[in-house]
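Residue numbers (full-length UniProt numbering), protein chains in the order written: chain Z, 1 to 461; chain R, 1 to 349. Yeah, the Cβ is synthetic: ideal placement off N, Cα and C, and Gly gets one too.
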Amino acid sequence: MATEILMPALSPTMEEGTLAKWLKKEGDAVKSGDIIAEIETDKATMEFEAVDEGILGKILVSEGSQGVKVNTPIAVLVEEGESADDVKAASTPAQAQAPSTAEGPNEQGQPGKSAVEQVKTPEPDRSPDWPEGTRMKTMTVREALREAMAEEMERDETVFLMGEEVGEYQGAYKISQGLLDKFGPRRVVDTPISEIGFAGIGTGAALGGLRPIVEFMTFNFAMQAMDHIINSAAKTLYMSGGQMGCPIVFRGPNGAAARVAAQHSQDYAAWYASVPGLKVVMPYSAADAKGLMKQAIRDPNPVIFLENEILYGRSFEVPDLEDFTIPFGKARIARTGKDVTIISFGIGMSHALEAADKLAGDGIEAEVIDLRTLRPIDYGTIIGSVKKTNRCVTVEEGFPVGSIGNHLSAYIMENAFDYLDAPVINCTGKDVPMPYAANLEKHALITVPEVVEAVKKVTYR
Amino acid sequence: MARKPAPAAEAQSPDTLSNVSRDELLQYYRDMLLIRRFEEKAGQLYGMGLIGGFCHLYIGQEAVVVGLEAATKEGDKRITSYRDHGHMLACGMSARGVMAELTGREGGYSKGKGGSMHMFSREKHFYGGHGIVAAQVPLGAGLAFADKYLGNDNVTFAYFGDGAANQGQVYETYNMAVLWELPVIFVIENNQYAMGTSVKRSTKSTTLFGRGEAFGIPGEQVDGMDVLAVKAAGEKAVAHCRAGKGPYILEVMTYRYRGHSMSDPAKYRTREEVQKMRDERDAIEHVRELLLQGSHASEDDLKAIDKDIKDIVNDSAEFAKESPEPALEELWTDIYAEDLPQGSAEEVA
């Protein structure tokens with residue numbers, strides 16, 4: 001049967017091309033794999049191979065022709081004894097039915113998910129994190145994290161911890177102290193210094209049915225492993241049409257410690273929070289560290305768990321319960337107030353709370369919200385509070401450009417614009433690499449006086 | 001496709017030949033032909049604009065996956081790069097599902113959300129389909145880590161190319177895989193070109209499996225145009241892994257006839273070089289000759305297989321054209337899993 005040879009698309013962006021040269025003449029026999037023509041695309045000159053066998057019956061587009069649209073018939077391939085004119089009688093040209101890609105998803109209506117449609121902010125969950133009257137115990141953030149991991153490892157045989165110095169050394173920051181003795185080397189796995197390697201192996205183990213906890217000695221080193229965190233862990237569920245879940249926790253200290261300079265002092269909260277497919281947790285208190293870590297290990301998705309070295313040693317009240325978790329996407333109102341909303345997370349909370357104390361002395365009652373998780377974010381609690389106080393200041397340690405505060409400002413502007421009595425102010429770290437000198441480092445970080453000043457500005461005091 | 005008898009047929013060692021039955025030979029012929037015809041059709045659909053983006057064809061390398069799949073058992077896992085269509089067909093994934101993913105349709109393995117480079121099948125233990133060069137190497141070792149942890153005797157095949165062999169994460173993975181004695185076979189599909197850069201222009205250390213020696217990983221070079229040699233090497237490697245001796249490296253010497261991707265003008269090698277491989281070393285022709293010379297099959301038998309394969313491929317192309325585009329709601333699904341994936345506590349207990 002005579003078949004038409006169509007102008008091929010030879011690159012992802014090609015719409016038309018030049019038929020530079022015919023390498024076969026009319027009447028030549030052609031077999032599959034033979035190069036029949038050279039075609040210039042938008043990128044390069046390409047060789048065009050025959051797919052079918054036959055005789056080149058007729059050339060329809062002569063060499064040198066420019067601007068030949070993809071899928072234009074350029075020649076007719078016939079079988080022995082056939083004439084090129086037979087093609088007319090044969091099937092009509094196979095007009096490629098390439099799907100139209102012009103229509104964006106939003107034109108067909110994804111309620112609340114387009115750029116212009118108003119997203120309805122969900123109602124916040126304001127239930128208590130644990131029952132009233134629960135007995136409390138005092139513990140450090142470090143102990144809370146350790147206890148959370150140990151409880152989950154006991155509960156689920158597939159949970160294991162891997163990372164540098166997590167076993168025999170007892171943890172570079174002692175988070176995993178004692179876990180090797182308790183669970184043995186099968187489940188507390190010391191790795192060599194190979195971040196991309198063990199992040200990839202951990203991700204593969206999660207795809208293969210385990211629940212790894214991968215410790216980065218600090219999140220600065222996770223930049224070596226970024227490809228596996230983002231491309232392998234966060235995106236695989238989507239790319240597999242929902243087949244390949246990746247239940248893994250990447251955890252470790254994040255943000256500035258003290259006097260370790262630029263390469264060891266960075267807050268990655270906004271980086272990770274920008275990636276769909278990840279969940280991002282950044283606790284402040286020991287109770288949250290424990291409840292959220294247990295939740296993270298049970299979550300069927302990749303979770304980034306951002307700890308803080310300075311907070312490890314701080315003590316908090318933790319509910320003395322056999323088992324408790326804190327759901328993701330539920331902020332904590334750490335202090336109620338009516339004059340201004342201060343939103344923070346992680347170590348930023350210590351600045352926010354200290355500022356609120358000082359402001360109370362000046363007669364300003366600040367409501368302080370601890371986001372606890374940055375993906376998902378509890379927008380309901382934020383909007384509810386801003387509608388009450390009409391003013392908002394955000395506090396975080398990270399860089400100012402593309403910060404969590406920037407995102408919250410935009411969200412508040414879109415969803416509570418009429419309630420605002422002042423522009424939202426973002427208090428962040430300075431737009432500089434972290435310096436080593438003590439005085440410079442202090443100024444590079446967010447400070448309590450800056451938060452106080454920002455609140456006075458939005459309250460016009 | 002080559003029409004000349006492959007000299008490799010004469011060079012076939014009696015050892016490997018005596019280890020194979022007529023039915024096995026016919027199966028390899030069939031499996032390799034399916035990949036080739038499928039890929040030719042994919043190239044055609046790409047030319048028609050029905051397949052978009054990047055599309056990397058496996059034509060020429062068929063014997064590698066077909067030979068190694070012949071050495072697997074149920075439960076073994078495989079993971080590879082973006083040149084993945086052949087691996088999927090060889091492990092039993094449906095031609096329809098793969099082709100419909102290439103056209104970005106609902107009937108594809110990833111519901112049209114992954115495309116040529118990102119396809120998976122839990123059922124067939126195929127873990128992708130990875131677009132970042134060498135990322136699949138530690139992921140594959142991680143799959144093997146999970147099997148060892150769970151105490152079964154499954155083996156993982158982690159396929160990567162000569163290009164990926166120059167990525168640092170491969171060596172981090174070698175180091176940990178042997179340290180922890182993971183049951184993983186590192187399969188280097190050495191098709192001699194990393195996109196447009198030949199092995200010789202990439203490294204002074206061109207014997208790629210030999211790099212495993214530095215870590216204490218045994219390995220060997222295999223003729224990847226000879227499906228029986230690949231199978232024999234695969235069986236050896238599998239036995240090593242199943243015996244708990246840790247990883248093994250197979251450097252399978254192969255050749256891709258087409259460009260790196262559909263948009264590769266392939267100016268880095270001569271047309272003659274490609275033609276010579278096709279004429280003299282084609283893996284499918286090799287098996288065809290074995291079948292005919294040994295009177296294991298007649299021309300008519302092979303023609304019947306050719307027709308079967310053509311029907312399967314045409315059916316997959318029709319399916320891939322007719323399957324609808326994914327519903328727009330699919331944009332918002334599969335970002336987060338709600339449920340526990342397979343393999344959590346209950347499976348261990």
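To the nearest angstrom, how far is the alpha carbon of residue i from that of residue j?
i	j	result
R:LYS111	R:LEU331	10 Å
Z:LEU6	Z:GLY33	16 Å
R:LEU34	Z:TYR272	43 Å
Z:LYS43	Z:GLU53	28 Å
R:GLY49	R:PRO247	42 Å
Z:GLU165	Z:ALA9	53 Å
Z:THR338	Z:ILE404	In the sequence as presented, Thr is not what sits at residue 338 of chain Z; that position holds Lys. Approximately 23 Å between the Cα atoms of the pair.
R:ILE305	Z:ALA37	31 Å
Z:GLU309	Z:GLN263	15 Å
R:ALA266	R:GLY216	37 Å
Z:PRO423	R:GLY107	50 Å
residue 351 of chain R	R:ASP84	Absent from the structure is residue 351 of chain R, since the part of chain R shown begins at 1 and ends at 349.
Z:ALA206	Z:ARG187	14 Å
R:GLY140	R:ILE249	13 Å
Z:ASN172	Z:ARG146	Residue 172 of chain Z is actually Ala in this sequence, not Asn. Spanning the two alpha carbons is a distance of roughly 13 Å.
R:ASP308	R:GLU299	14 Å
Z:LEU371	Z:GLY380	11 Å
Z:PRO105	Z:GLN266	Low local confidence applies: a pLDDT of 38 at Z:PRO105 is under 50, so the model's placement there is unreliable, with the coordinate-based value given in what follows. Distance between the alpha carbons of Z:PRO105 and Z:GLN266 is about 36 Å.
R:LEU150	Z:GLY209	9 Å
Considering Cα atoms alone, identify which of the options is closest to residue i.
i	options	result
R:GLY210	R:ARG96, R:SER202, R:GLN221 and R:HIS56	R:GLN221
Z:GLY245	Z:PRO253, Z:ALA234, Z:GLY255 and Z:ASN254	Z:ALA234
Z:SER232	R:ILE132, R:PHE145, R:ASP223 and R:PHE186	R:ILE132
R:LYS321	R:LEU102, R:LEU26 and R:TYR28	R:LEU102
Z:THR13	R:GLY52, R:ALA266, R:GLN275 and R:ARG30	R:GLY52
R:ARG22	R:PHE319, R:ASP311 and R:SER295	R:SER295
Z:ILE297	Z:GLU49, Z:MET139, Z:ASP28 and Z:GLU157	Z:GLU157
R:ASN19	R:VAL274, R:LEU139, R:VAL230 and R:ALA42	R:VAL230
Z:ILE397	Z:ALA352, Z:GLY277 and Z:GLY329	According to the sequence displayed, residue 397 of chain Z carries Glu and not Ile. Of the candidates Z:ALA352, Z:GLY277 and Z:GLY329, the one whose C-alpha sits nearest the C-alpha of Z:GLU397 is Z:ALA352.
R:ALA42	R:GLU272, R:LEU57, R:TYR171 and R:TYR127	R:LEU57
R:GLY60	R:TYR255, R:THR333, R:THR270 and R:SER298	R:TYR255
R:ASP334	Z:GLY241, Z:ILE230, Z:ILE229 and Z:LEU306	Z:GLY241
Z:ASN415	Z:LYS442, Z:GLU151 and Z:SER385	Z:SER385
Z:GLU354	Z:ILE446, Z:ASN390 and Z:ALA438	Z:ILE446
Z:GLU15	Z:VAL61, Z:SER62, Z:LEU23 and Z:ASN71	Z:ASN71
R:LYS73	R:THR270, R:VAL313, R:GLU235 and R:LEU208	R:GLU235
R:ILE188	R:ILE79, R:LEU290, R:GLU338 and R:TYR46	R:ILE79
Z:ALA50	Z:LYS294, Z:GLU4, Z:THR191 and Z:GLY67	Z:GLU4
Using a Cβ-Cβ cutoff of less than 7 Å, which residues in the same chain neighbour residue i once the five nearest sequence positions on both sides are dropped?
i	result
Z:ALA444	GLY429, LYS430, VAL432, MET434 and PRO435
Z:ILE425	VAL393, ALA454, LYS457 and VAL458
Z:SER100	Because the pLDDT at Z:SER100 is just 47, under 50, the model does not fix this residue reliably, and the value given afterwards should be weighed accordingly. Counting only Cβ-Cβ distances below 7 Å, and skipping sequence neighbours, we find nothing.
R:SER261	PHE54, CYS55 and HIS56
Z:ALA29	ILE55
Please go through the same chain and pick out, in chain order, the residues whose beta-carbon is closer than 8 Å to the beta-carbon of residue i, but skip the five residues on each side of it.
i	result
R:ARG242	ASP153, VAL155 and PRO183
R:GLN167	VAL133, ALA134 and VAL137
Z:TYR419	VAL386, LYS387 and ASN390
R:ASN175	PHE215
R:LEU179	none
R:GLN169	ALA134, ALA135, VAL137 and PRO138
CB-CB under 6 Å to residue i, same chain, minus the five flanking residues each way: which ones, in chain order?
i	result
R:LYS124	CYS91, GLY92 and MET93
residue 466 of chain Z	Because chain Z spans 1 through 461 in this model, residue 466 of chain Z falls outside it and cannot be assessed.
Z:LEU292	VAL281, PRO283 and ILE326
Z:THR92	In this predicted model, Z:THR92 has a pLDDT of only 45, less than 50, meaning its place in the structure is not dependable enough to derive any value.
R:GLY196	TYR268
Z:ASP125	LYS330
Name, please, each residue of chain A whose Cβ falls closer than 7 Å to the Cβ of residue i.
i	result
Z:LYS43	Note that chain A does not occur in the displayed structure, where the protein chains are Z and R.
Please go through the segment 175-241 of chain Z and give each complete alpha helix (DSSP H) segment of 4 or more residues, from N-terminal end onward. 179-183, 195-207 and 236-239
- Please name the residues in the segment 237-248 of chain Z whose beta-carbon is closer than 7 Å to at least one beta-carbon of chain R, in chain order. Near chain R, meaning a CB-to-CB distance below 7 Å, the residues of the segment 237-248 of chain Z are LEU237, TYR238, MET239, SER240, GLY241, GLY242, GLN243, MET244, GLY245 and PRO247.
| message | Going residue by residue through the segment 294-326 of chain Z, where are the continuous alpha helix (DSSP H) segments of at least 4 residues, counting only ones entirely within it? | response | 309-312
Jot down the residue ranges of each uninterrupted beta strand (DSSP E) in the segment 201-260 of chain R, minimum 3 residues, whole runs only, in chain order.
Taken in chain order, the unbroken stretches of beta strand (DSSP E) that lie wholly in the segment 201-260 of chain R and span 3 residues or more are 219-223 and 248-253.
Exercise for review: Below 9 Å between beta carbons is the criterion; list the residues of the segment 204-217 of chain Z that meet it against any residue of chain R, in chain order.
Suggested key: So the list reads GLY204, ALA205, ALA206, LEU207, GLY208, GLY209, LEU210, ARG211 and PRO212, given in the order they occur along the chain.
**Study point:** Short-range partners of chain Z found in the segment 80-114 of chain R, where Cβ spacing is below 9 Å
**Key:** When C-beta distances to chain Z are compared with 9 Å, the residues of the segment 80-114 of chain R below that value are GLU101, THR103, GLY104, ARG105, GLY108, TYR109, SER110, LYS111, GLY112, LYS113 and GLY114, in chain order.
Next on the checklist: Short of 9 Å Cβ to Cβ, which residues in the segment 202-225 of chain R face chain Z?
Outcome noted: none
Ignoring anything shorter than 4 residues, give me the alpha helix (DSSP H) runs that lie fully in the segment 112-167 of chain R, in order along the chain.
You should have 136-150.
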